[in-house]
Amino acid sequence: MQLLVKKRNKMETTKKYFLIDMGVMIGRSMRHVFRSMDTIITVTIMPIAMMLLFVYVLGGAIKTGTDNYVNYVLPGILLIAVANSVGYVSYRLFLDVQQGIFERFNSMPIARSVALWGHVLTSLVSNVISIAVIILVALLMGFRSPAGVLQWLAVAGILALFTLALTWIAAIAGLSAKTIDGAAAIAYPIHFLPLISSAFVPTQSMPGPVRAFAEHQPVTSIVETIRALLFSQPVGNQIWIALSWCIGIMFVAYTLAMRVYKKRG
Amino acid sequence: MQNNSIQVKGLQKSYKQLHVLKGVDFEVEKGSIFALLGSNGTGKTTIVKILSTLLKQDSGNVSVNGFDVLLKPQSVRQSISLTGQFAAIDEVLTGRENITMIARLRHLSNPRQVADHLLKRINLTDAADRRASTYSGGMRRRLDIAMSLVGNPPIIFLDEPTTGLDPEARKEFWKIIKALSGGGTTVFLTTQYLEEAEQLADKIAILHEGSIIVSGSFAELKKLFPATQVEFIEKQPTLEEIFLAIVGKKEK
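Those sequence lines, one after another, are chains A and B. Sequential numbering from 25 applies to the first sequence in the numbering used here. Sequential numbering from 387 applies to the second sequence in the numbering used here.
Here is the structure:
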């Protein structure tokens, strides 16, 4: 009984400070993001440059059935921004493990999961910022949406789930990689997913096998859902497929990442 | 019993087939400097990791500051700080931000003052607002130690703290450690440098093939050797002495 009470006290001391500690961790890795020109270029400038390229160079040759190509291309650009960002999560996690910072944190009286969650939530926060900037630029380029508050909230929710799913995949790589190259390698297949989807061109124009892949991979259903929400069209089944992909990937990746993390700690 | 900061009895640990620690026993007195000596791969780091709750032992009793490491890891973490083999600093942050971060995580009420004070103590005030990635090896180590001093934990662990430091930085580091111990902190350090143990430690233990083969003060260990023969030879300066003499002069 006494032991139980004591256990509870112990839990409470780390719990009491959990949010403060998390704040410190997020503050730390947000500084990493803002002090890295490389991160800012890859996560915000590159997607904007791609949007300019697609709209003003390639857009005229792509037949999407809409007169405003910015409208068509924006959901894909947003997903590219997210996909570009998660490579940095594995890179930074790898360095934390390698440089002994995690060892320092783990020998301190703070909850063990705080250090890992700090990186994951930073990924979420920094993506919110870069997505906001990209949408602003898109508005300047003529992007217009009839979507209401609820639809925008749904878009935000799906983007957040997509970010978390990819972030946890990146976390597995960062925690288990033996070399820095290994940690960064996870980024490449993730970069390609939005390109082989309906993000930039309708899948009908693709040859058979590519089309089959494009139509059945997660990004296409997510892009289609966001597009439908932004243009107040019926989302149909796509939204459920998109949600299942995001939640499924997130759950599996989270479980695996936590397992690796506990083994490390 | 409370005179001992650290008590280890019958400590065993294996990695798969490899039986690294085969029954290690030792005690560390409160406020003393304890040096664990041993060649590479003998398990010094394993002992440090077990004492600092990063690793669980297979068997044996280990208590740190009166708390069992398995039953009360959180209380142990409250009482210690760890400086590992590689400087565990955040290179993107400045020296000041590094210390402030640890002070916040230790929930101190005045992280800024703590940082100012520690920066002065380790002589890093001038470089405080530069990113740690621009620091030299000695500066990194000093910052690393300063981060471990945040909140004045009663016990600090230093795993090969002076590996890779130049002779001057090493001497400066020794000064910090002696001052710490003078202030009542218990210092547990591992080292491969025999001179370091000789200079610093109140008690030295030698880890060999999985257990402590001898322990005692330097004076006690010396008695284990046959009586010294007195010979007269001209004293040659060591390279270290020459180096320090020249560099010292230049700075004046």
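Glycine included, C-beta positions come from ideal geometry on N, C-alpha and C. It should be emphasised that the depicted structure is a prediction, and the values quoted were computed from it without experimental measurement.
Chain-order list of residues whose beta-carbon lies under 8 angstroms from that of residue i (same chain, five-residue window excluded)
i	result
I508 (chain B)	R528, L529, I531, A532 and I562
D476 (chain B)	E483, N484, M487 and A518
L494 (chain B)	V500, V536 and G537
E415 (chain B)	N389, N390, S391, T572, D588 and K589
W269 (chain A)	A189, P242, S245 and I246
V106 (chain A)	N151, I155, L183, F186, T187 and L190
R492 (chain B)	V536 and G537
L479 (chain B)	M487, R517 and A518
Contact with chain A by residue i, beta-carbon distance below 8 angstroms
i	result
I531 (chain B)	no
M525 (chain B)	no
M387 (chain B)	With a pLDDT of only 47 at M387 (chain B), under 50, the local geometry of the prediction cannot be trusted, and the value read off the model is given with reservation. Closer than 8 angstroms: no.
A474 (chain B)	yes
V633 (chain B)	no
G481 (chain B)	no
G640 (chain B)	Within the shown structure, residues of chain B are numbered from 387 to 638, placing residue 640 (chain B) beyond reach of any answer.
V478 (chain B)	yes
R528 (chain B)	no
L580 (chain B)	no
R556 (chain B)	no
R507 (chain B)	no
Q464 (chain B)	yes
R490 (chain B)	yes
F611 (chain B)	no
Q585 (chain B)	no
Q460 (chain B)	yes
Residue interval of the alpha helix (DSSP H) (run including residue i)
i	result
F126 (chain A)	I125 to N130
V79 (chain A)	Premise fails: V79 (chain A) is in no alpha helix (DSSP H) and is neither H nor E.
G47 (chain A)	F42 to F58
F237 (chain A)	G232 to H240
I273 (chain A)	Q262 to R288
I214 (chain A)	A211 to L219
Y521 (chain B)	Segment: none, Y521 (chain B) is in no alpha helix (DSSP H) and carries neither H nor E.
Short CB-CB distance (under 8 angstroms) between residue i and chain B
i	result
L70 (chain A)	Per the sequence shown, residue 70 (chain A) should be read as Met rather than Leu. It does not; no Cβ of chain B falls within 8 angstroms.
R52 (chain A)	yes
D45 (chain A)	yes
N95 (chain A)	no
V48 (chain A)	yes
L28 (chain A)	Here L28 (chain A) scores only 47 on pLDDT, less than 50, and its place in the model should not be relied on; the value that follows carries that caveat. No, L28 (chain A) lies away from the interface with chain B (no Cβ there is under 8 angstroms from its Cβ).
R283 (chain A)	no
Y278 (chain A)	no
Y112 (chain A)	no
R32 (chain A)	Note that R32 (chain A) scores 49 on pLDDT, short of 50, meaning its location in the model is unreliable; the coordinates nonetheless yield the value given after this. With 8 angstroms as the cut-off, R32 (chain A) does not count as an interface residue toward chain B.
R168 (chain A)	no
Y41 (chain A)	yes
M25 (chain A)	Caution applies to M25 (chain A), whose pLDDT of 42 falls short of 50 and renders its modelled position unreliable; the model cannot decide the point.
R251 (chain A)	no
K286 (chain A)	no
Limits of the unbroken beta strand (DSSP E) element including residue i
i	result
N390 (chain B)	N390 to Y401
K589 (chain B)	K589 to H594
K408 (chain B)	L404 to E415
N447 (chain B)	S445 to V450
S601 (chain B)	S597 to G602
I293 (chain A)	Not covered by the structure: residue 293 (chain A). The range shown for chain A is 25 to 289.
A421 (chain B)	I419 to L423
L468 (chain B)	I466 to T469
V573 (chain B)	T572 to T577
L510 (chain B)	Element bounds for L510 (chain B): n/a, residue is neither H nor E.
L544 (chain B)	I541 to D545
Neighbourhood of residue i by C-beta distance below 7 angstroms, restricted to the same chain and skipping five residues each side
i	result
I250 (chain A)	P99, V179 and I182
F118 (chain A)	G198, A201, I204 and A207
S522 (chain B)	none
F167 (chain A)	V94, N95 and L98
I263 (chain A)	T249
Residues of its chain near residue i, where Cβ-Cβ distance is below 6 angstroms and the 5 sequence neighbours each way are ignored
i	result
N240 (chain A)	A small fix is needed here, since residue 240 (chain A) is His in this sequence, not Asn. Contacts found: none.
E584 (chain B)	F604
S114 (chain A)	A194, A197, G198, A207 and I210
V121 (chain A)	none
Handout entry: Touch test, the stretch 472-488 of chain B against the stretch 50-57 of chain A, Cβ-Cβ under 8 angstroms, three pairs minimum
Key = yes
Exercise for the section: Could you list the residues in the stretch 429-450 of chain B with a C-beta less than 9 angstroms from some C-beta on chain A, going in chain order? Expected result: K435, S438, T439 and L440
Exercise for the section: Output, in sequence order along the chain, the residues in the stretch 117-131 of chain A whose CB is closer than 9 angstroms to any CB in chain B. Expected result: L119, D120, Q122, Q123, G124, I125, F126, E127, R128, F129, N130 and S131
Exercise for the section: Report yes or no: do the stretch 119-135 of chain A and the stretch 460-476 of chain B share at least 3 C-beta pairs separated by less than 8 angstroms? Expected result: yes
Handout entry: Near-chain B residues of the stretch 133-163 of chain A (beta-carbon distance less than 9 angstroms), N- to C-terminal order
Key = P133, I134 and V138
Exercise for the section: Below 8 angstroms between beta carbons is the criterion; list the residues of the stretch 213-246 of chain A that meet it against any residue of chain B, in chain order. Expected result: none
Exercise for the section: Quick one: which residues of the stretch 492-506 of chain B get their C-beta closer than 9 angstroms to a C-beta of chain A? List them in chain order. Expected result: R492 and H493
Exercise for the section: Would you check if there are 3 or more beta carbon pairs closer than 8 angstroms linking the stretch 275-285 of chain A to the stretch 433-441 of chain B? Expected result: no
Practice task
Say whether the stretch 445-455 of chain B touches the stretch 611-630 of chain B, bearing in mind that this needs 3 or more beta-carbon pairs closer than 8 angstroms, one atom from each stretch.
Solution key: no
Handout entry: Stretch pair the stretch 615-631 of chain B + the stretch 545-554 of chain B: three plus CB contacts closer than 8 angstroms
Key = yes
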